[in-house]
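Take a look at the structure below.
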Amino acid sequence: MDSRNPYSQYSGHAGSQSSTTNVGDHEVQPECIKAAKARRNNAQGKALEDYKSMWELKMEDLAMKEKLSKLAILDTLLAKKNPLSETEEVVKNKLLAECF
């Protein structure tokens, strides 16, 4: 026994015991555990699909809002009774080309 390390007598014993208990022991999981793990993985996949579908809806919503904004600008330019400035005329022509 080593006087510097009081646990030296246990160091060899603990290491050999843990290695012998794990060798050859393969636990077979019950079906309920396998089913629970399968549901957990499907839930993560479903969350990803939900996120993707929400992202697609958000992008469609932003595209529609942008189109409505451009149509509102075009409407104000077309409704003006005074002659349009040069920049307003360019914007009007550009918006007309995009929308129609």
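Residue numbers (this note's numbering): 251 to 350. Positions of the beta carbon are idealized from the N, C-alpha and C atoms, including for glycine.
Q. Would you report the Cα separation of residue 343 and residue 326, rounded to the nearest angstrom?
A. 13 Å
*Test item: CB-CB of residue 323 and residue 340 under 9 Å*: no
Is residue 349 closer than 9 Å to residue 312 when the C-beta atoms are compared? no
Can you find the residues in the same chain that come closer than 7 Å, C-beta to C-beta, to residue 316, ignoring five residues on each side of it along the sequence? Apart from sequence neighbours up to five positions away, no residue of its chain approaches residue 316 with a beta-carbon distance below 7 Å.
* Select from 336, 345 and 329 the residue whose C-alpha is nearest the C-alpha of residue 319. => Selection 336, 345 and 329 evaluated against residue 319 yields 345 as nearest (Cα-Cα).
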